[in-house]
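Step one of this worksheet: look at the structure below.
Residue numbers (the UniProt record's numbering), protein chains in the order written: chain A, 1 to 562; chain B, 1 to 561.
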């Protein structure tokens, strides 16, 4: 591939197969990763900006690394690794997706010079791995445990709550909701504390988006809320407010209809005609009577509830909603108790759920069914408001990050200081340590140490601060033993970020370091790509060979117009 | 608009050419899919083009602001014509390509959904905020710092709104007193109609708005149920013929021309089953094998019809409203049994009637009982003008809260615009009932906030000073546009007003758009709801932040325009 000039063609692989190998391949892979890093760089930190992506007519405005990379549609095989890293970080920790990508690319950038000098990539990989191990051990060494008075998982301790809020606020500091972070931090912590402390399943936090209103009109419902479902005539006559209602959740269709689609009834006598009509009515009426007999006040069903049933319930003061989405139904069950019934016969009182209050409320232009004060509230719902759809979508992503951070902080209550503090400290630690290592590894560990500084440097760049000056200041402070000094954007200088409450869970950092190192190792370890020609008709999207490019047979598509 | 957009489409570089995407051989490589088709712009350039786009949208809206604001003609791709000066409507009709411009549309939409009024103002304000921000950014101030400063300034402005807010008086003892011309509610409704096409029957529409809202409002709970309030537009007649009907209007007529045109003390059976022999839902087949059986079948059907009529009669109903149809035989039977009937009534109308008449919707004849019937004092079939169109008016319903505003007008555009205008003013009245605090209009609130923010600017440390001043200047755009639209010298008017604000410490001085010779908005009673104004400031600031925060735009090539 990197022969250049005129090489006789020996056809081994199918025509059109793209092969590239050797050192050139590693270098070009590194360059590709750096291009990705370049796109993400400006989004880091509290002064990070957003990226607006238009994809097939859909607009997304985001600051979340994983989201941007996903929408970017990366196809370069090496660059794709970075995308996967950020996605893994998103799945594992939920936050720090931008920094993990930045770190991975920076590791590669530092490795580039070694590769150019002809060092084996295995040596570099080994050095990086051991540096990563050391760094993670050091994070564990340094991390500070958040004290919690009761160790039994109850999170009523107000002090602990404050601590969680701090973590949530740090996670939000780079997002659109930065100014309202106080408000949202409260909401996020409340939401997470609603969950079952044993498994903290964040999928039970429902997020509903209603455009309109200001962000601070968003609210948390301790229980479940979902949009009013499609309703039939008669619905408006049902009561819309209950206190202590009993809730019956069904997976039964309550409609007057053919029981079997392909059945046909042969009627031979006229008087049988009425009998069949009556029989059909009886079927549905029996179902309805059975429901009535359970004493339920609210009937929810995943399947449609027809007009007949709607009116039947309206007559008897029962509220009903059909076609409730499965996800909402599950959260309702988690909140109110009981279980979903797939038949109406033999419903026992313990199968019914209960909640403190139910109401249908108007939020913006939508109506919501709100189940609040649930006894078994293992779930909650965030109703987000905002000026435009894109705003709310971004709030949702930001809150997701914050929720994950709070969750991590509860599960693993160790924190480190953010704002570049931990990176600076690790960098200093590794640099000092590298001097004691003999051989090539010394250079590599030192390179790793240098790469870590990308986080504070980029934070400075994004905020328009003088990176060189501030980083030098930090370096000197850290070497004097000021472990937790990081960047302080409020005063455009440096500060002890443990005191200014810029906190992040230690787990996020460890995970970020590990996956970034792994990704870098993976890219460095690849020295050959064999890419099969995609099936025909995509020739147009082939890489355009530069003038005097590959010396292969036909000049397929000479310098074409770009 | 299309042409305008073309001009200022974001000048973007091609993603495949950036320097970084080349390996050491100088060969470009593909990193992202369809790289050649992706467009990207970033940095200051992106922000600038966004602000220009937003500015263009807000410029379109500027001339529609205020009582002397002008209307726009909007021609849809199908050639439908729409004339309006309602911000939300204009923006929703314009087909925009630019992403930021689309955000502006959403902005006015959310103001519309939440408050229902002030949709033009919010867009103009957001445009002005961004315009001011551009100057600061070009000076080298970090966009996010500008946004942060705006947020702080917005907080101060809102605190100032709370301070200058006034409470309107709603007479909850004597509801009818609110209908008189000098009641606060009435005057508020007429302010909101000021800029609209209906201004020639100002008072009438204001009265319609106040009367209908008060009818459905619950003054103790401060709640207004818009579900009970219907606005119905009908072509023909003139705007003056518009009126409030305490009841329901049904766009249908009786099923048989010989049925009585007026029913008093109606007891209504509301049915959702067809007037025909019931059919099983399961597929069925009846084989008639002999004449005997055929006769039986006929008898059975006859019997069913009679039974149905009997069921209705036994329940005591003297009127039938049916969701489904019935054939001529049933129609004749109904007529001969003196049961006026309406067929093919839509589901939501059935529901409205059921609520209004406090009846129950009955799915089966067997289930009819006297308690399930709806009651209405009077049902009339009214012909509209000389056209053959007729409507049914159901009045004096059992539930006195239902009300319908019937809008008439000489052409469709006027009816539509009048309906929209009425909607705005209904929203104003509703908002006042929910929260009776108001600020005064004519730009007075903006001037007052602008002064407060300017004052606060000097107390700020650092860069926020600039953002504060920019925010204050952006607020000035509202009174300036108002003055400009009413043919006054904007700068002179604004400076005069500002001087007077400071001199007299009077926050109620605004632009005298209608040439009444007084700048005292309190005296003229030009009001806007506090929640509406607050929302405008909050939303506009939020949008400014969102736009300022973007510095990288990636457009996928497939979306060519």
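Even glycine gets a Cβ: it sits at the ideal position worked out from N, Cα and C.
These figures come from a predicted structure and were not determined experimentally.
| Item | Value |
| --- | --- |
| CA-to-CA distance, residue 315/B to residue 369/B, given in whole angstroms | 5 Å |
| 6 Å Cβ shell around residue 461/A - same chain, five flanking residues per side excluded | 467 |
| Inter-stretch contact (C-beta, 8 Å, three-pair minimum) for the segment 52-65 of chain A and the segment 380-387 of chain A | no |
| Rounded Cβ spacing between residue 267/B and residue 318/B (contact assumed at less than 8 Å) | 5 Å |
| Short CB-CB distance (under 9 Å) between residue 551/B and chain A | yes |
| Residue 427/B versus residue 213/B - alpha carbon distance | 9 Å |
| Collapsed DSSP secondary structure at residue 541/A in the structure displayed | In this prediction, residue 541/A has a pLDDT of 46, which is less than 50 and means its spatial position is unreliable; nothing more can be read from the coordinates. |
| Cβ-based burial, residue 37/A [other Cβ within 10 Å; buried from 16] | buried |
| CB of residue 504/B within 9 Å of CB of residue 42/B, strictly | no |
| Coarse secondary structure for residue 323/B, derived from DSSP in three states | coil |
| Cβ contact check for the segment 368-384 of chain B and the segment 265-285 of chain B: 3 or more pairs under 8 Å | yes |
| Own chain residues within Cβ distance below 7 Å of residue 231/B, not counting five before or after | 405, 407, 419, 422, 423 |
| For residue 149/B and residue 467/B, believed in contact at Cβ under 8 Å, the rounded distance | 2 Å |
| Cβ neighbours of residue 337/A in the same chain (closer than 6 Å, five flanking residues each side left out) | 353, 376 |
| Strand pairing of residue 264/A, partner residues [DSSP] | 283/B |
| For residue 344/A, the nearest candidate out of 372/A, 291/A, 396/A, 297/A (CA to CA) | 291/A |
| Identity of the residue in 116/B, 68/B, 162/B, 415/B nearest residue 189/B by Cα | 116/B |
| Beta carbon proximity, residue 3/B to chain A, threshold 9 Å | Reliability fails at residue 3/B, whose pLDDT of 39 lies under 50, so the model's placement of it is uncertain and no value is given. |
| Classification of residue 243/A by the beta-carbon crowding that lies within 10 angstroms, buried from 16 upward | exposed |
| Minimum length 3: unbroken beta strand (DSSP E) runs contained in the segment 10-74 of chain A | 18-21, 50-55, 58-62 |
| Proximity of residue 421/A and residue 143/A at Cβ, strictly below 9 Å | no |
| Beta-carbon neighbours of residue 148/B, restricted to chain A and to distances below 7 Å | 179 |
| In DSSP terms, what residue 294/B is bridged to | According to DSSP, which records beta bridges pairwise, residue 294/B is partnered with nothing at all. |
| Contact list for residue 65/A against chain B, beta-carbon separation under 9 Å | Under the 9 Å cutoff, chain B gives no residues; its nearest Cβ is about 13 Å from residue 65/A. |
| Min CB distance residue 545/B to chain A below 9 Å | yes |
| Under the three-state DSSP convention, the category residue 385/A falls into | strand |
| Whole-number beta carbon distance between residue 400/A and residue 94/A, since they are thought to touch under 8 Å | 6 Å |
| Identity of the residues DSSP links to residue 167/B by a beta bridge | 437/B |
| Residues that residue 520/B bridges to, as DSSP identifies them | 509/B |
| Contact under 9 Å by Cβ, residue 288/A with residue 321/A | no |
| Distance between beta carbons of residue 465/A and residue 111/A, contact taken as under 8 Å | Not quite, the Cβ-Cβ distance comes to about 28 Å (not below 8 Å), so this is no contact. |
| Members of the segment 233-253 of chain A that neighbour chain B once the beta carbon cut-off is set at 8 Å | 233, 234, 235, 236, 237 |
| Reference residue 361/A; option with closest CA among 138/B, 202/B, 225/B | 225/B |
| Spatial neighbours of residue 114/A in its chain, beta-carbon cut-off 6 Å, leaving aside the 5 residues before and after | 124 |
| Residue-chain proximity (residue 487/A, chain B), Cβ-Cβ < 9 Å | no |
| Residue 347/A - DSSP class collapsed to helix/strand/coil | coil |
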